[in-house]
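Comments concern the structure below.
Residue numbers (our numbering): 5 to 155.
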């Protein structure tokens, strides 16, 4: 499959709920992995909640985890992930460092134990960057922000 790599990394996982399914790749379609609600939630329109995802992790050294809402989260639940994406670095690795998803309800809704609400993948830390200030970048302007595909 196109996303398979030659190397494999290990993530240690502590499950805080025996009611959620174990982590696995999304049905052979992607290298993202679904995360599930570990508790039931009843939210009224306008309410905020931290959805408990029922796991703590220890990432491999030099990696970070990015969490993002599933594409169906808003359609199915009327929820918006309030921080757009979540970033979990390798130091968030204690037994009680439970991963959560901050959400805002745009309508009355319910989330049940084991509902797939978000997904994650891990990335290697970016290399150390040196910033070089200059008067010009020396390249042709492409058209400005939002110009792709415009004539």
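Each residue gets a CB set at the ideal place from its N, CA and C atoms; glycine is no exception.
Next on the checklist: Quick check on the DSSP output: the alpha helix (DSSP H) that includes residue 79 runs from which residue to which?
Outcome noted: Per DSSP, the continuous alpha helix (DSSP H) segment holding residue 79 begins and ends at 77-81.
Checklist entry - What is the rounded straight-line gap between the Cα of residue 83 and the Cα of residue 52? => result C-alpha separation (whole angstroms): 9 Å.
Checklist entry - Excluding sequence positions up to five away, which residues of its chain have a Cβ less than 7 Å from the Cβ of residue 113? => result Taking C-beta separations shorter than 7 Å and ignoring five residues to either side along the sequence, the partners of residue 113 in its chain run 47, 81, 82, 83, following chain order.
Checklist entry - Under 8 Å between the Cβ atoms of residue 134 and residue 35? => result No; because the gap between Cβ atoms is not below 8 Å, this pair is not in contact.
Item to check | Distance between beta carbons of residue 123 and residue 30, contact taken as under 8 Å | outcome: Confirmed, about 7 Å.
Item to check | Where residue 57 falls, given that 16 or more other Cβ within 10 Å makes a residue buried | outcome: Classification for residue 57: buried.
Item to check | Beta-bridge partners of residue 122, as assigned by DSSP | outcome: 39, 73.
Next on the checklist: By alpha-carbon positions, which one of 76, 115, 64, 149 ends up nearest to residue 11?
Outcome noted: Nearest option by C-alpha distance: 64.
Next on the checklist: If I measure Cβ to Cβ from residue 71 and keep anything under 6 Å in the same chain, skipping five residues before and after, which residues do I get?
Outcome noted: Cβ within range, chain order: 90, 122, 124.
Checklist entry - For residue 98, which residues from the same chain have a beta carbon less than 8 Å from its beta carbon, with the 5 sequence-adjacent residues on both sides left out? => result Closer than 8 Å at Cβ, skipping near neighbours: 60.
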